[in-house]
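Student: Read left to right, the sequence shown gives residues 1 to 130 (full-length UniProt numbering). Glycine included, every Cβ here is placed at the ideal spot set by N, Cα and C. Can you read through this structure? Questions will come right after.
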Amino acid sequence: MKKKWIIILGIVIIVILGIGVKFYMDEKKLNEEMMNVVYSDEAKEVFEKRLTNLDAKAFTEEGIIQSYEIDKESIKRNPMGGINVTLIINGNSELYIKYTMNNFNGELSGGASVTSEKLTKLLGDWEENK
1 MKKKWIIILG IVIIVILGIG VKFYMDEKKL NEEMMNVVYS DEAKEVFEKR
51 LTNLDAKAFT EEGIIQSYEI DKESIKRNPM GGINVTLIIN GNSELYIKYT
101 MNNFNGELSG GASVTSEKLT KLLGDWEENK
């Protein structure tokens with residue numbers, strides 16, 4: 001009888017470990033897919049279009065936004081669908097924009113953005129003084 005319970009316990013542990021490994025592998029695959037989307041040329045076009053909408057002279061000497069980088073740690077799956085990502089502007093962590101990247105009908109788009117208070121102020125001051 002004792003031997004039977006040990007065998008059942010062993011099987012249960014193996015099943016639990018198997019499920020855990022499967023969840024881990026699925027999560028790892030999802031993270032790799034999100035990285036591929038966020039670092040794709042299509043995403044770069046979306047980011048740069050959105051940034052030039054905020055700052056018409058972005059990436060030029062006259063613009064506030066000179067460069068951006070993707071905060072790798074910020075890339076997360078959005079519970080409502082899509083991918084949350086933060087862009088750090090001009091290498092300054094106080095200047096950022098948070099986007100939710102979505103894929104509608106095979107086309108990547110950026111929506112629901114949050115701009116840091118400091119960047120909003122810089123862009124606002126720049127608009128007033130041009």
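I think L87 touches F47, with their Cβ atoms under 8 Å apart; what is that distance to the nearest whole Å?
Tutor: Right, their Cβ atoms sit about 6 Å apart.
Student: Starting from Y24, follow the alpha helix (DSSP H) in both directions and report where the run begins and ends.
Tutor: From DSSP, the alpha helix (DSSP H) with Y24 extends over K2 to V38.
Student: State the start and end residues of the unbroken alpha helix (DSSP H) segment that holds L51.
Tutor: Where L51 is concerned, the enclosing alpha helix (DSSP H) stretches over D41 to L54.
Student: Would you give the residue range spanned by the beta strand (DSSP E) that T86 belongs to?
Tutor: Counting along the chain, the beta strand (DSSP E) containing T86 begins and ends at I83 to I89.
Student: Applying the 10 Å Cβ sphere with the 16-neighbour rule, what's the burial state of N129?
Tutor: Because the pLDDT at N129 is just 48, under 50, the model does not fix this residue reliably, and the point stays unresolved.
Student: Between L108 and I89, which are expected to be in contact by the criterion C-beta below 8 Å, what is the C-beta distance as a whole number of angstroms?
Tutor: Not a contact, Cβ separation roughly 20 Å.
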